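Using my numbering, read the sequence shown as starting at 22 and increasing by one per residue.
We put the beta carbon where it would ideally sit given N, CA and C, even for glycine.
Every value quoted in this text rests on a predicted model; they were computed, and no experiment measured them.
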Amino acid sequence: MKNLLPLFLLLLASGSATAASYVWNWCKVARDANACLKTCALKDDACQANWLERDADAAKNILDMARASNEDYQEICSRAHRPRTCTLCTEKTRECALEVLKLEAEEFAEQAATKRQLTRIEELKANPGYTDKSLKRSDPRTPIDRHAHPEYNPIGVVRLPNVTKSRFNRGTGWLTSDCLVVTAKHVITGSDDRPRRSAIGVQVSFYVGNSPSQDKSFAYQSTGVVVDAGESGNSISDDWALIKLDDPLGKKVGTIATWQYTVEEALTCTALEVAGYPGSKSVDQLWWQSRCPLEKDLSSEWQFILRCPATPGNSGGPLLCRESNGDLLAIGIIASRSFGANAEAVNFSKHWWHAIQPALKKFANTCPKN
Numbered sequence: 022m023k024n025l026l027p028l029f030l031l032l033l034a035s036g037s038a039t040a041a042s043y044v045w046n047w048c049k050v051a052r053d054a055n056a057c058l059k060t061c062a063l064k065d066d067a068c069q070a071n072w073l074e075r076d077a078d079a080a081k082n083i084l085d086m087a088r089a090s091n092e093d094y095q096e097i098c099s100r101a102h103r104p105r106t107c108t109l110c111t112e113k114t115r116e117c118a119l120e121v122l123k124l125e126a127e128e129f130a131e132q133a134a135t136k137r138q139l140t141r142i143e144e145l146k147a148n149p150g151y152t153d154k155s156l157k158r159s160d161p162r163t164p165i166d167r168h169a170h171p172e173y174n175p176i177g178v179v180r181l182p183n184v185t186k187s188r189f190n191r192g193t194g195w196l197t198s199d200c201l202v203v204t205a206k207h208v209i210t211g212s213d214d215r216p217r218r219s220a221i222g223v224q225v226s227f228y229v230g231n232s233p234s235q236d237k238s239f240a241y242q243s244t245g246v247v248v249d250a251g252e253s254g255n256s257i258s259d260d261w262a263l264i265k266l267d268d269p270l271g272k273k274v275g276t277i278a279t280w281q282y283t284v285e286e287a288l289t290c291t292a293l294e295v296a297g298y299p300g301s302k303s304v305d306q307l308w309w310q311s312r313c314p315l316e317k318d319l320s321s322e323w324q325f326i327l328r329c330p331a332t333p334g335n336s337g338g339p340l341l342c343r344e345s346n347g348d349l350l351a352i353g354i355i356a357s358r359s360f361g362a363n364a365e366a367v368n369f370s371k372h373w374w375h376a377i378q379p380a381l382k383k384f385a386n387t388c389p390k391n
């Protein structure tokens, strides 16, 4: 049955070529295109998105009813929206009919989600909220008092020695164990300066901890080396790096647990927070914003899009979830910006976790003892 999906999608593509020519008129892919067009204006994005979501719900309900019934192949096929759907079955069995009905329901759900995403993208393009220009007038980020809030002390500055281009030599990272620091890969390799080169083996410096002295920006400094990183490529899910420090600074300033949260789980956080050391701000202070709205329609198992600003230097810092019990968890890495200066973060719930979890386990017990 796995081989049915490509064939099914191919048939759908051939059957909706006309609709693809009129992307703005998504009623063309509705179950009842004429009824949709009578209700929704041609460019009424919200109306068309709601209509497609109702279609997706209807297709799921039809599938659920078919699964719960004792109907045979022919009866189940009669429920399909497209008569050709069941022609994918080489064997006329109930199981195959249910499978193709499931594929049809998934296709309607994907259409609805895609329309909702496209609508939100257009809205954000028109009103991104934060841009470099607007941040000069009004920046919501504020320095946080780490004496009063020591749970933020594991967040520090990652610097690359021997780098002449200043915009490539500073980013943010956080201690997730006694000597392991998580950051973004492009903090190590540079976003424009040979982005495909390997990060593994690069020597870095890490500054962390609230200094009791006015003469120092940080309480502690250690050198380290990148021991693992995302694969070469431009995917946001590959934008991570793991640094092993020469000193167990986590014993002195604490650590922030790194955790998996889906988009739905992230929405249950008491607050989503972005904290880091943007290059446009004083490095003496940790700049922070709480209660960052999450763009649910644009976020996915690969990324989080947040209505909080991120500027160069924020990269590599944690997307923090403040749980109802007060715990602070890192659920993503600030990796880039999208739609103006809104923050985009790696979502740990998919590719990243499977890639970095072995590295975390491998190096967790190799930290210096003192």
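Just to check my reading of the structure: residue i and residue j have Cβ atoms closer than 8 Å, yes? What is that Cβ distance to the nearest angstrom?
i	j	result
isoleucine 277	proline 175	5 Å
cysteine 388	glutamate 344	Actually they do not touch by this definition, with Cβ atoms about 26 Å apart.
glycine 353	phenylalanine 325	5 Å
phenylalanine 239	glycine 177	7 Å
arginine 162	glutamine 310	5 Å
glycine 334	alanine 205	Actually they are not in contact, since the Cβ atoms of glycine 334 and alanine 205 sit about 11 Å apart, beyond 8 Å.
leucine 266	cysteine 200	4 Å
asparagine 363	leucine 327	6 Å
alanine 77	phenylalanine 129	4 Å
tryptophan 261	valine 203	7 Å
asparagine 231	arginine 180	No, asparagine 231 and arginine 180 are not in contact; Cβ-Cβ is about 18 Å, not under 8 Å.
threonine 377	leucine 263	For the sequence presented, residue 377 should be read as isoleucine rather than threonine. Confirmed, Cβ separation roughly 6 Å.
Along the beta strand (DSSP E) that carries residue i, what are the first and last residues, could you check?
i	result
glycine 192	191 to 196
cysteine 329	324 to 330
threonine 204	201 to 204
For residue i and residue j, I'd like the C-alpha separation in whole angstroms.
i	j	result
serine 155	alanine 366	21 Å
valine 247	alanine 220	7 Å
methionine 22	glutamate 112	Interpretation of methionine 22 is limited by its pLDDT of 47, a score under 50 that renders its predicted location unreliable; no figure is taken from the coordinates.
proline 330	leucine 84	42 Å
alanine 296	isoleucine 355	9 Å
tryptophan 308	arginine 158	17 Å
aspartate 214	valine 208	Bear in mind that the predicted position of aspartate 214 carries a pLDDT of just 45, short of 50, making it unreliable; the figure below should be weighed with that in mind. When rounded, the distance between both Cα atoms is 11 Å.
leucine 25	threonine 152	In this prediction, leucine 25 has a pLDDT of 43, which is less than 50 and means its spatial position is unreliable; what the coordinates show is noted afterwards. Distance between the alpha carbons of leucine 25 and threonine 152 is about 45 Å.
leucine 124	glutamine 95	17 Å
glycine 245	valine 225	5 Å
serine 42	leucine 270	For serine 42, the predicted model reports a pLDDT of 34, less than 50, meaning its position is unreliable; a value from the coordinates is still stated below. So the two alpha carbons sit approximately 58 Å from each other.
proline 339	leucine 350	9 Å
serine 198	arginine 88	48 Å
glutamine 132	serine 357	27 Å
aspartate 53	glycine 211	50 Å
serine 320	valine 284	7 Å
leucine 122	alanine 101	6 Å
threonine 108	glutamate 127	18 Å
serine 243	phenylalanine 227	5 Å
histidine 375	alanine 67	37 Å
alanine 250	lysine 317	27 Å
glutamate 252	asparagine 386	24 Å
leucine 381	tryptophan 280	12 Å
proline 216	asparagine 368	Any reading at proline 216 must be qualified, since the residue scores a pLDDT of 48, below 50, and its modelled position is unreliable; the value itself is stated next. Rounded to the nearest angstrom, the two C-alpha atoms are 20 Å apart.
cysteine 48	leucine 119	26 Å
alanine 79	alanine 56	15 Å
What residue range does the alpha helix (DSSP H) around residue i cover?
i	result
leucine 58	54 to 60
arginine 75	66 to 89
tryptophan 374	374 to 385
glutamate 92	Glutamate 92 -> no alpha helix (DSSP H), and no H or E assigned at all.
Using 10 angstroms around the beta-carbon of residue i, count the other beta-carbons present and answer buried if the total reaches 16, otherwise exposed.
i	result
serine 99	exposed
histidine 372	buried
arginine 191	buried
aspartate 65	exposed
proline 299	buried
glutamate 286	exposed
alanine 51	buried
serine 187	Because the pLDDT of serine 187 is 47, which lies under 50, any placement of that residue in the model is unreliable, and the number read from its coordinates should be weighed accordingly. Exposed, because fewer than 16 other Cβ atoms sit within 10 Å of the Cβ of serine 187.
serine 370	buried
glycine 222	exposed
arginine 105	exposed
asparagine 46	buried
serine 258	buried
serine 359	buried
glutamate 294	buried
lysine 136	buried
threonine 332	buried
asparagine 346	exposed
leucine 63	exposed
Indicate, with yes or no, if the ligand NAD has a heavy atom lying under 6 Å from the CB of residue i.
i	result
serine 198	Inclusion of the ligand NAD in the displayed structure is not the case, the ligand content being empty and no account of it being possible.
**OP:** Only counting runs of 3 or more residues, tell me where the beta strand (DSSP E) segments fall wholly within the region 126 to 193, in order along the chain.
**Re:** Counting only runs of 3 or more, we get 176 to 180.
Subject >> Secondary structure, beta strand (DSSP E): runs of 3+ residues fully inside the region 295 to 364 >> reply: With a minimum length of 3 residues, the continuous beta strand (DSSP E) runs that stay inside the region 295 to 364 are 308 to 310, 324 to 330, 339 to 343 and 349 to 359.
**OP:** Ignoring anything shorter than 3 residues or poking outside the region 227 to 283, list the beta strand (DSSP E) runs there in chain order.
**Re:** Taking only runs of at least 3 residues, the beta strand (DSSP E) segments lying wholly in the region 227 to 283 are 239 to 250 and 262 to 266.
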